[in-house]
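Written below as structure tokens is the structure these notes are about.
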Amino acid sequence: MNFVALKMLFGDRAKYLMLLAGLTFSTMLIVQQGSIFWGLMMYSQSGISNINAPVWVTDPNINQVDEVKPLADTAVTVVRSVPGVEWAVPLYKGVQRARLADGNYQQISLVGLDTATLLGRPHTVFEGAIEELRSPDTVVLDQWAVERLGGPDVIKLGTVFEINDRKARVVGIADTQKSFQNIPFVYTTYERALSYSPPERRKLSYVIAKPIPGVSPESLARRIEAETALGAYTDEEFSWKTIRWVLKNTGIGVNFGTTVLLGFIVGMAISGQTFYLFTVENLKQFGALKAIGASTGMLARMILLQSFLVGFIGYGMGVGLATIFGLTAASNEQLPFVETWPLLGGVFVALLGICSLSSAISIRKLAKLEPAIVFRG
Amino acid sequence: MILRRLSVWIAIGGIILTVTTLWGARDTPPAPPPLEEPPRNPYASTVAASGIIEAVNENVRIAPPVSGLVTKVHVQVGDHVTQSQSLFQLDDRELRAQLQTRQDSIPSTIARIEEQKIRLKDLMDQLGRLQAVEDRRAVSQDDIQRKWHEVEGAKRALIRAKADVRLARTQRDEVKILLERLTVRAPRAGTILQVNIRAGEYAMVGAQDPYILLGDTDSLQVRADIDEVNAPLVQPNSSAVAYLKGSTERSIPLTFVRIEPYIVPKRSLTGDNQERVDTRVLQVIYQFEKPAFPVYVGQQVDVFIERSQASKNVVQETSK
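Here it is in structure tokens:
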């Protein structure tokens, strides 16, 4: 019986391809849009993932990572006094203006790391060395700064530029996650970041901390909140807080949500309709099968087999195409594109839904089918 | 049957590609380890503070007693000096000239004594002779009386001449003492921390910067700043440990000295003209033995003070 079902499916090449194309492009659209959406979300919390610290301490009313609400200098020692803290160090973060020798201006995201430990430093340094930050007037740029400030011919090790009219010498180029507004990261030491930034009453942006072994970041964050008047988040909580803020305050979520929904509806419409036509066209065959004793259940199983098989093939081709798109168009992180397991799983479930719905319509038709139809016109 | 379809193979290929890409995609890489070990709390529960190293006896800002030209500086930065060792010399030519005059005036006053002595002796002889005359009519009573007065006057003149010598000597000593004052000396033993004056410069009384900064670098103390929020957690006599910034492998054990009773505004180093006050801090003084590795006055340290069980309960109560 299954053989017959497959024969039916593959026999009508035009309809089969039509069905496949509908499902493939619907899958591809959802996966690709979903991945770009998630990539954008990852960009939006690059300020957190680039620092990669277990616990962030800041003002309790903070909205998101780029909206800094500075603390008093003594917050570092207050956090260190909380039981369960292995270490706590200050972190400066703020947007400043860099000026190049040729007069070009560029916004940069200045990050000041604790001078002795350089905790929060980037994990990969392409050129130079992060330890060089201990020399006077030095900074480490990321690859986006190189790109935005004039390319590798202009910005290399030893290049001197200005941050707020103060000298900065490049001693390293590091790998970072691109940010939402594509503001490049510039790393320096905490004390130097304070001198680069304009005078303010308070300057300590964040205290980053790590729990001692045996204490989870979550419980440490709760303990810091309970014992001090500060707000504390694990990096995951802070990421989600930032993402929620972006979704709430920009149209990105609605935009991508609409596209994904359209992908789903179009996919369902095409495949549902084609599949229904397919069934209607083969009504005679189904009628004959019913006439020779096949039950409705058996016919339903055939329909489901056809539907899920074509669904599976469409899914495979769709995610394959999306991945190829990601590997080519989004290479070099020029386009945000982050495929995730939950997205792939979700699309698979959605596709199962499309297939089940479209087969349900066909099965309903078959259930009402009279075997006698074979003998009519 | 299924396996003969190209589309099936493409689909399987697509899934394999996706899965391998996703598997190979970067998870968040682990955070790189700290370059230097960050300061870690050695106690079960602690009050952390930031501190600065100072000399136990606060530093002495040496000033000259009078304004004057500096002719010689006897010490260099880092020298150990004993009490009343000379540090620098002010120009003393004027007083030396005066001293010479005073000195030379002494012999003349001494000679005056001899002169008076001889005169007195002469007058006394004359008086003796007059009184020795038996015949009352040969010598008038008036002459004797007058001579007697002359003798008494000469006696007083001798006393005055002696006093003049003493005065001349005292005047000489006064100049000597003033001269002595022009050599600026160490008020106590210690180490020269700064020298801001050179021979040929003019030293003013009441200058802003000390010309010589004298301190005791053998016994040092840490002044630990604690945020006023944590001030109730600090108990007297709790043990503490300090780490130099950037070298946390070596700890400095501290012994409690005192808690400063007055909470002061914390100073932030802004590089700005004005100082801003954003929080107030409790200062606790801890003393320590000079460790084997170099430690300098003025260096910043991270301090961890042990928090007693009793004070921990206070926190939990207040946090509720």
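Chains A and B, in that order, give the protein sequences. The first sequence begins at 70 in our numbering and counts up one residue at a time. The second sequence begins at 229 in our numbering and counts up one residue at a time. Ideal Cβ placement from N, Cα and C applies to all residues, glycine included. These numbers come from a predicted model, not from an experiment.
Whose C-beta lies closer than 8 Å to the C-beta of residue i among residues of the same chain, with five residues either side of it excluded?
i, result
"residue 413 of chain A", "100, 388"
"residue 75 of chain A", "374, 375, 378"
"residue 479 of chain B", "270, 469, 470, 471"
"residue 404 of chain A", "105, 108, 398"
"residue 351 of chain B", "375, 378, 379, 382"
"residue 117 of chain A", "125, 134, 304, 307, 308, 311"
"residue 487 of chain B", "462, 464, 510, 511, 512, 513"
"residue 244 of chain A", "191, 192, 193, 194, 195, 211, 212"
With residue i as the anchor, note down where its alpha helix (DSSP H) starts and where it stops.
i, result
"residue 434 of chain A", "410 to 436"
"residue 393 of chain B", "369 to 409"
"residue 286 of chain A", "286 to 296"
"residue 305 of chain A", "304 to 318"
"residue 335 of chain B", "321 to 360"
When you compare the CB of residue i with every CB in chain A, is at least one pair closer than 7 Å?
i, result
"residue 202 of chain B", "The first residue shown for chain B is 229 and the last is 548, placing residue 202 of chain B beyond what the model contains."
"residue 534 of chain B", "no"
"residue 448 of chain B", "no"
"residue 482 of chain B", "no"
"residue 445 of chain B", "no"
"residue 275 of chain B", "yes"
"residue 528 of chain B", "no"
"residue 452 of chain B", "no"
"residue 264 of chain B", "yes"
"residue 300 of chain B", "no"
"residue 260 of chain B", "yes"
"residue 474 of chain B", "yes"
"residue 455 of chain B", "yes"
"residue 522 of chain B", "no"
"residue 278 of chain B", "yes"
"residue 500 of chain B", "Since pLDDT at residue 500 of chain B reaches only 49, below the 50 mark, its modelled position is unreliable, and the value read off the structure follows with that caveat. Interface residue, yes."
Cutting at 7 Å between CB atoms, please list the residues of its own chain near residue i, excluding the five before and the five after it.
i, result
"residue 271 of chain A", "139, 140, 141"
"residue 383 of chain B", "348"
"residue 518 of chain B", "446, 448"
Please return the same chain residues whose Cβ sits closer than 6 Å to the Cβ of residue i, not counting the five positions on each side in sequence.
i, result
"residue 340 of chain B", "389"
"residue 347 of chain A", "84"
"residue 406 of chain B", "323"
"residue 333 of chain B", "396"
"residue 277 of chain B", "452, 453, 454, 531"
"residue 178 of chain A", "164, 252, 254"
"residue 437 of chain B", "424"
Kindly say whether residue i, judged by its beta-carbon, lies nearer than 7 Å to any beta-carbon of chain B.
i, result
"residue 137 of chain A", "no"
"residue 315 of chain A", "no"
"residue 447 of chain A", "The structure shown does not extend to residue 447 of chain A, since chain A spans only 70 to 446, so no value can be given for it."
"residue 198 of chain A", "no"
"residue 442 of chain A", "no"
"residue 282 of chain A", "no"
"residue 129 of chain A", "no"
"residue 238 of chain A", "no"
"residue 82 of chain A", "no"
"residue 98 of chain A", "no"
"residue 121 of chain A", "yes"
"residue 449 of chain A", "In the structure displayed, chain A extends from 70 to 446; residue 449 of chain A sits before or after that span and is not available."
Which first and last residues belong to the beta strand (DSSP E) in which residue i is found?
i, result
"residue 279 of chain A", "275 to 280"
"residue 530 of chain B", "528 to 534"
"residue 350 of chain A", "No beta strand (DSSP E) holds residue 350 of chain A; the alpha helix (DSSP H) holding it covers 321 to 350."
"residue 404 of chain A", "No beta strand (DSSP E) holds residue 404 of chain A; DSSP gives it neither H nor E."
"residue 172 of chain A", "Unbroken run through residue 172 of chain A: none, as it is neither H nor E."
"residue 145 of chain A", "Per DSSP, residue 145 of chain A belongs to no beta strand (DSSP E); it is in the alpha helix (DSSP H), 144 to 149."
"residue 195 of chain A", "193 to 197"
"residue 207 of chain A", "207 to 211"
"residue 484 of chain B", "475 to 487"
> Can you find at least 3 beta carbon pairs, one from the region 372 to 389 of chain A and one from the region 88 to 98 of chain A, that sit closer than 8 Å?
Replying inline: yes
> Of all the residues that make up the region 368 to 388 of chain A, which are near chain B by a beta-carbon distance shorter than 8 Å?
Replying inline: 378, 381, 382, 383, 384, 385, 386, 387, 388
> Closer than 8 Å, Cβ to any Cβ of chain A: which residues of the region 233 to 249 of chain B, in chain order?
Replying inline: 233, 235, 236, 238, 239, 240, 241, 242, 243, 245, 246, 249
> Is the region 421 to 432 of chain B touching the region 259 to 271 of chain B in the sense that three or more CB pairs, one from each, lie closer than 8 Å?
Replying inline: no
> Counting pairs of beta carbons, one from the region 99 to 113 of chain A and one from the region 243 to 256 of chain A, are three or more of them closer than 8 Å?
Replying inline: yes
>> For the region 401 to 418 of chain A, list every residue whose C-beta sits within 9 Å of some C-beta in chain B, in sequence order.
In response: 407, 408, 409, 410, 413
> Hey, is the region 157 to 174 of chain A in contact with the region 205 to 219 of chain A, meaning 3+ C-beta pairs nearer than 8 Å?
Replying inline: yes
>> Counting only Cβ-Cβ distances shorter than 9 Å, please list the residues of the region 215 to 229 of chain A near chain B, keeping chain order.
In response: none
> Does the region 115 to 126 of chain A touch the region 229 to 245 of chain B, meaning 3 or more C-beta pairs lie closer than 8 Å?
Replying inline: no
> Can you find at least 3 beta carbon pairs, one from the region 437 to 446 of chain B and one from the region 277 to 288 of chain B, that sit closer than 8 Å?
Replying inline: yes
>> Could you check whether the region 317 to 327 of chain A touches the region 152 to 162 of chain A, counting it as contact only if at least three pairs of C-beta atoms, one from each stretch, sit closer than 8 Å?
In response: no
> Going along the region 302 to 329 of chain A in order, which residues come within less than 7 Å of chain B, judged by CB to CB distance?
Replying inline: none
>> With a threshold of 8 Å, are at least 3 pairs of Cβ atoms found where one atom belongs to the region 520 to 535 of chain B and the other to the region 293 to 304 of chain B?
In response: no
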